[in-house]
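A quick write-up on the structure given underneath.
2 protein chains.
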Amino acid sequence: MTSEAAAIPTGTNPTAAVLVIGNEILSGRTKDANLGHIAEKLTEIGVRLREARVVPDVEEEVVAAVNALRARYTYVFTTGGIGPTHDDITAACVAKAFGVALERNPEAMARLERHYAAGQLNEARLRMANVPAGGILIDNPISQAPGFQIGNVFVMAGVPNIMRAMLDGILPRLAGGPALHARTVACELGEGVIAAELSALQDRHPALEIGSYPYFRNGFFGVSLVLRGTDEAEVTGAADELAEIIRGLGGTPTVTVGTKG
Amino acid sequence: MTSEAAAIPTGTNPTAAVLVIGNEILSGRTKDANLGHIAEKLTEIGVRLREARVVPDVEEEVVAAVNALRARYTYVFTTGGIGPTHDDITAACVAKAFGVALERNPEAMARLERHYAAGQLNEARLRMANVPAGGILIDNPISQAPGFQIGNVFVMAGVPNIMRAMLDGILPRLAGGPALHARTVACELGEGVIAAELSALQDRHPALEIGSYPYFRNGFFGVSLVLRGTDEAEVTGAADELAEIIRGLGGTPTVTVGTKG
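Chains as they are written, first to last, in my numbering: chain P, 10 to 270; chain Y, 10 to 270.
Printed below as a string of structure tokens:
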């Protein structure tokens, strides 16, 4: 039995990291609702999310995390910290991470001017038009104040419905990768019963990512075994092998397309 | 207006990081349900959660994250990767991070022997008794297979109800810090309307952490302004100041104890 899981086979797939910025997540006040959504959307287009971090609203922490992640992954997606208040420091931190000036972006300012009634666009709100030099705006169809892209870093709002709208606008401009195919083989055997043969299956299919997720639902314990990879024939073939293994152990496998079974 | 939020005043409070280990979180298959819970529990005992990371089931990633975080924070809490299957590599990775052997722990083995019926404790399940040398067991009242503490690192299960039970057992052994007091001042003004005076309030109270969280509920937009700190008199005094500021801007403040208002 190996003590090391197979590395995720990224192959030619672009990689990504998510950086969640905000004290409220770390204090437990607010439960993050963005990471799982971004993960699903990236997986759909063949981008491999490889890491996520949550950091507080502290300049040196944000700058260090942006620089660590942008050097390592194809794309970095940040959420949070782009509003009008003193604790919204993301734009300034990203400018510092890239070593560029933070500028008042004319197009962002024009959008805010159209959005706010006369006299309402005060200095605090104008901060939301501050974008690192060279940044490209990310549309915000909900409340206008834009996000931005600079280099491989995409800066989005933390409010979930705004973040989702921004991400919908970003996804078409990303280079994706080969589609990731998945099958889930579920059964009501214990994880420990099937572990040895599952490990052998993983060894026979190093290009696949095979995960084992125990569950308890409708009064029954069981395990969902998820097989993922870019070669659909290998994924379905390995799922068939696994179903046969489960039958050999006295179980009744249920094979479904995707990862949710 | 400052472009840098006040650093979280950790004062004499111990600090912590959470490390979530698992491909399933990064693929979006499983939504993490542990970070928010750990954050809340640590905040209650005056431990400041300062960072969280999610990494895949890849040895070098887990080892690097464990070592980066344990050097930086008082406590590190990991979730996930301690089951019986090939993708459960956390114990081996933590042993490697600490440069110690991974050993079969006699007490852990005894617990598994009591839990499983005769003949059911196979080699795969015995892997759940592997603990880095010097590790102290963390009780698992749900399914017996223990977590462990080594140095300042606490290794817990990823299944939420097991993780919660393990954490309940750990919390009494942690040195907490001064209690963190919080008040939330909510009103139906826009964030941008109050931003300038809020920033000035933060400048007058550098020992407090003041966060601004816009909301939309019951058909109304508004903002919750959260003030946190270890000096309760300063927290309540600043909340009173803020309520007065809001009244001055034509708003109607609602002050509640805690961070949820």
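The beta carbon of each residue, even a glycine, is placed where N, CA and C say it ideally should be. Bear in mind the structure is a predicted one, so any value in this text is a computation, not a measurement.
Which of helix, strand or coil DSSP assigns to residue i
i, result
"Pro141 of chain P", "strand"
"Leu135 of chain Y", "helix"
"Leu51 of chain Y", "helix"
"Ile151 of chain Y", "coil"
"Thr245 of chain Y", "helix"
"Pro156 of chain Y", "Going by the sequence as given, residue 156 of chain Y is Gly instead of Pro. Residue state, collapsed to three classes: strand."
"Arg38 of chain Y", "coil"
"Leu28 of chain P", "strand"
"Gly257 of chain P", "helix"
"Gly45 of chain P", "helix"
"Gly267 of chain P", "coil"
Residue-chain proximity (residue i, chain P), Cβ-Cβ < 7 Å
i, result
"Arg134 of chain Y", "yes"
"Leu58 of chain Y", "yes"
"Glu206 of chain Y", "no"
"Arg256 of chain Y", "no"
"Gln153 of chain Y", "no"
"Gln158 of chain Y", "no"
"Asn32 of chain Y", "yes"
"Gly201 of chain Y", "yes"
"Leu35 of chain Y", "yes"
"Thr52 of chain Y", "yes"
Residue i at chain Y interface by Cβ criterion, 7 Å
i, result
"Asn43 of chain P", "no"
"Arg38 of chain P", "yes"
"Val244 of chain P", "no"
"Thr268 of chain P", "yes"
"Val63 of chain P", "yes"
"Ala174 of chain P", "no"
"Ala48 of chain P", "yes"
"Arg123 of chain P", "no"
"Met165 of chain P", "no"
Contacts that residue i makes with chain C (C-beta to C-beta distance below 8 Å)
i, result
"Val162 of chain P", "Although the question refers to chain C, the structure presented lacks it and instead comprises the protein chains P and Y."
**Q.** Complete runs of the alpha helix (DSSP H) confined to the segment 162 to 226 of chain Y [at least 4 residues]
**A.** For the segment 162 to 226 of chain Y, whole alpha helix (DSSP H) runs of length 4 or above, ordered along the chain, are 169 to 179 and 200 to 213.
Q. On the three-pair Cβ rule with 8 Å, is the segment 197 to 204 of chain P touching the segment 217 to 231 of chain P?
A. Touching, yes.
Q | alpha helix (DSSP H) runs wholly inside the segment 72 to 134 of chain Y, at least 4 long, in chain order | A | Restricting attention to alpha helix (DSSP H) runs no shorter than 4 residues, the segment 72 to 134 of chain Y encloses them at 99 to 107 and 115 to 124, ordered along the chain.
(Q) Below 8 Å, how does it come out for the segment 37 to 52 of chain Y and the segment 73 to 81 of chain Y: are there three or more Cβ pairs, yes or no? (A) Between the segment 37 to 52 of chain Y and the segment 73 to 81 of chain Y, the count of C-beta pairs closer than 8 Å stays below three; the two stretches do not touch.
Q) Would you call the segment 85 to 102 of chain Y and the segment 135 to 151 of chain Y in contact, with 3 or more CB pairs under 8 Å? A) Yes, they touch.
Q | Contact residues within the segment 89 to 117 of chain P, judged by C-beta distance below 7 Å to chain Y | A | So the list reads Gly92, Pro93, Thr94, His95, Asp96, Ile98 and Ala101, given in the order they occur along the chain.
(Q) Count Cβ pairs between the segment 51 to 70 of chain Y and the segment 19 to 35 of chain Y that sit closer than 8 Å; are there 3 or more? (A) The segment 51 to 70 of chain Y, when compared against the segment 19 to 35 of chain Y, does touch it at the 8 Å Cβ threshold.
Q: May I ask you to verify whether the segment 172 to 182 of chain P touches the segment 149 to 160 of chain P, counting CB pairs closer than 8 Å and requiring at least 3?
A: Yes: at least three Cβ pairs fall under 8 Å.
Q. Between the segment 243 to 250 of chain P and the segment 182 to 196 of chain P, do at least 3 Cβ pairs fall closer than 8 Å?
A. Output reads yes: the segment 182 to 196 of chain P touches the segment 243 to 250 of chain P.
Q.
So, does the segment 82 to 92 of chain P touch the segment 161 to 169 of chain P, judging by three or more C-beta pairs under 8 Å?
A. The answer is yes - the segment 161 to 169 of chain P touches the segment 82 to 92 of chain P, with three or more Cβ pairs under 8 Å.
Q: Taking only beta carbons into account, state which residues of the segment 215 to 233 of chain P come closer than 8 Å to chain Y, listed in chain order.
A: Taking 8 Å as the upper bound on Cβ-Cβ separation, chain Y lies near residues Glu218, Ile219, Gly220, Ser221, Tyr222 and Pro223 of the segment 215 to 233 of chain P.
Q: Tell me, please, whether the segment 61 to 73 of chain P touches the segment 112 to 132 of chain P by the rule of three or more beta-carbon pairs shorter than 8 Å.
A: As far as the Cβ criterion goes, the segment 61 to 73 of chain P does not touch the segment 112 to 132 of chain P, which means the pair count is below three.
**Q.** Positions along the segment 167 to 195 of chain P whose CB lies within less than 7 Å of some CB in chain Y
**A.** Under the 7 Å Cβ criterion, the segment 167 to 195 of chain P contributes Val168.
Q) When you check each C-beta in the segment 73 to 89 of chain P against every C-beta of chain Y, which residues fall closer than 8 Å? A) Cβ contacts with chain Y: none found.
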